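In what follows, a single structure is set out as structure tokens and then discussed.
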Amino acid sequence: MDRRKLIKIGALGSILGLSKSVFGETSNGILIKENNLIDNEPKKMIYPKIVSTWNHGMAANQKAWETIKNGGTALDAIEQGLRVTESDLTNRSVGIGGMPDRTGHVTLDACIMDEQSRCGSVAFLEGIDHPISVARKVMETTQHVMLVGKGAKDFAIENGFSKIKTPLPEVKAEWKKWLKEQEKIVKQPQINHENHDTIGMLAMDKDGNICGGCTTSGWAYKLHGRVGDSPIIGAGLFIDNEVGGAVATGLGEAIIRIAGSHTVVELMRQGASAMEACKETVDRIIKKHKNLEGLQCGFLAIDKNGSVGAFSVYNGFNFAYTDEKQHKMIDAHFDRTW
Ligand code: SD4
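So the sequence shown is residues 357 to 694, counted in the working numbering.
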């Protein structure tokens with residue numbers, strides 16, 4: 357995006373009274389960029405920082421931060437951080453505690469990408485406790501990017517990952533209850549903002565290198581075989597270390613349709629801030645969908661200068677932010693309210 361267009365958007369934002377909410381700078385200096393519209397000089401905020409989606413990001417960021425502080429790489433931080441969420445058996449949308457598809461199978465999706473644009477991914481993986489680590493193994497030890505289903509599971513077992521029986525008993529009981537309620541009526545699976553809880557994480561190290569990861573059990577009661585955006589490089593996650601990184605959460609089908617995370621990164625390449633890129637990508641989703649009922653999607657991004665932005669279709673999306681001085685939740689900006 358060129359300077360003239362930014363100024364145009366800035367002026368429009370002011371007319372609409374959006375300048376503070378969309379382009380303003382927060383007290384912690386995370387979001388940008390009204391000033392940059394004038395001086396066009398992005399602020400450098402390069403120091404280690406971790407961001408991740410939703411409340412469960414706090415515990416994950418904590419571990420990721422410790423990993424970096426103990427000499428780990430940004431990639432180690434991503435893996436270790438996301439493993440915390442995957443290990444939480446009370447989490448119904450990430451890892452083996454996740455909700456099953458409509459046939460009772462818990463199928464997990466995850467991917468990881470580093471500062472050299474190396475990436476690994478697993479999808480439709482069943483009964484393995486750490487999909488993010490399997491994704492890293494795919495990236496580091498194979499010639500491939502993505503393994504799915506039985507092949508991914510066999511690969512995990514060959515590489516020493518342990519098998520876990522899923523669904524967990526309490527999850528199975530919930531699924532059985534759901535099945536009963538359905539009483540053979542074939543409905544579209546419902547998605548709402550309460551069960552949008554995939555974790556996507558971005559980490560920047562002290563040299564400004566960016567890595568990212570994403571892990572989920574996906575849409576509860578999805579059709580058997582459904583894979584969302586989360587394991588798809590360019591949809592659920594994209595990193596280009598020259599430009600920045602982005603992760604997505606929400607209705608995967610809508611995110612895939614516009615190659616969401618890749619779109620965010622490409623907009624940053626054209627000069628948009630992390631915040632502007634997330635907003636414009638959400639705008640694109642809104643434009644492509646006639647019916648936005650229940651269609652929540654959110655993007656979280658970090659640009660090469662270390663600026664962070666997050667934007668969602670509806671209110672309610674938030675993210676965990678961690679650096680040397682702060683460890684806290686921040687609400688994303690949004691287009692509309694529920
Ligand atoms: C999916 N994007 O499988 C995931 C779900 C999600 O927060 O992000 N929930 O479509």
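Cβ coordinates follow ideal geometry from the N, Cα and C atoms, glycine included.
Keep in mind the model is a prediction, meaning the values are calculated, not measured.
Of the candidates Lys532, Thr423 and Leu656, the residue whose Cα lies closest to the Cα of Thr619 is Leu656. A residue is called buried when at least 16 other Cβ atoms come within 10 angstroms of its Cβ; His580 does not meet this threshold and is exposed. Within the same chain, Cβ atoms closer than 7 Å to the Cβ of His500 are found at Val494, the five residues on either side in sequence being excluded.
Taking 7 Å as the cut-off, one finds at least one heavy atom of the ligand SD4 near enough to the beta carbon of Ile611. Going by beta carbons, Ile484 and Ile434 fall outside the 8 Å limit. Taking 8 Å as the cut-off, the Cβ atoms of Asp465 and Leu431 do not count as close. Cβ-Cβ distances below 8 Å link Val669 to Gly606, Val638, Ile641, Ile642, Leu648, Leu651, Gln652, Cys653, Gly654, Phe690, Asp691 and Arg692 in the same chain, with the five nearest sequence neighbours on each side left out; the list follows chain order.
If you ignore the 5 residues before and after Lys405, its C-beta comes within less than 8 Å of the C-beta of Ala559, Met560, Ile658, Gly662, Val664, Tyr677, Thr678 and Asp679, all in its own chain and listed in chain order.
Classified as buried, Gly569 has 16 or more neighbouring CB atoms from the shown chains inside 10 Å of its CB. Going by beta carbons, Pro456 and Val462 fall inside the 8 Å limit. Counting only runs of at least 4 residues, the segment 612 to 669 fully encloses the following alpha helix (DSSP H) elements, listed from N- to C-terminal order: 616 to 625 and 630 to 644.
Taking 7 Å as the cut-off, the C-beta of Gly505 does not count as close to any heavy atom of the ligand SD4. Annotation for Ala420: the continuous alpha helix (DSSP H) segment containing it runs Gly413 to Lys425.
Contact between the segment 612 to 629 and the segment 593 to 603 is present: 3 or more CB-CB pairs across the two stretches fall below 8 Å.
Between Pro525 and Lys533, the alpha-carbon positions lie close to 12 Å from each other. For Trp694, the Cβ stays outside the 7 Å cut-off from all heavy atoms of the ligand SD4. Remark: the C-beta of Leu607 is in contact range of the ligand SD4, defined as less than 7 Å to any heavy atom. In this structure, the alpha-carbon of Gly592 lies about 31 Å from that of Glu537. Taking 8 Å as the cut-off, the beta carbon of Val478 is found closer than this to the beta carbon of Ala491. If you draw a 10 Å sphere on the C-beta of Met631, you find 16 or more other C-beta atoms in it, and that means buried.
Taking Ile612 as the centre and dropping the five residues before and after it, the same chain places the C-beta of Gly584, Asp585, Ile588 and Ala591 closer than 8 Å to its C-beta, in chain order. Following the DSSP letters along the chain, one finds Thr463 in no alpha helix (DSSP H) but inside the beta strand (DSSP E) bounded by residues Thr463 to Met469. The shortest CA-to-CA distance from Lys528 to any of Asn417, Gly564 and Arg458 is the one to Arg458.
Here Lys532 carries a helix assignment [DSSP, helix/strand/coil]. No heavy atom of the ligand SD4 is found nearer than 7 Å to the CB of Gly454. Here Met685 is exposed, its C-beta having fewer than 16 other C-beta atoms within 10 Å. In this structure, Trp694 sits near Asn671, with a CB-CB distance shorter than 8 Å.
Between the ligand SD4 and the CB of Trp531, the shortest heavy atom gap is not smaller than 7 Å. Rounded to the nearest whole angstrom, the CA to CA distance from His683 to Val440 is 16 Å.
Short note on Asp585: C-beta closer than 7 Å to some heavy atom of the ligand SD4. Annotation for Asp510: the continuous alpha helix (DSSP H) segment containing it runs Gly505 to Glu514. Contact between Leu445 and Ile488 is absent: CB atoms are separated by about 16 Å, not below the 8 Å threshold.
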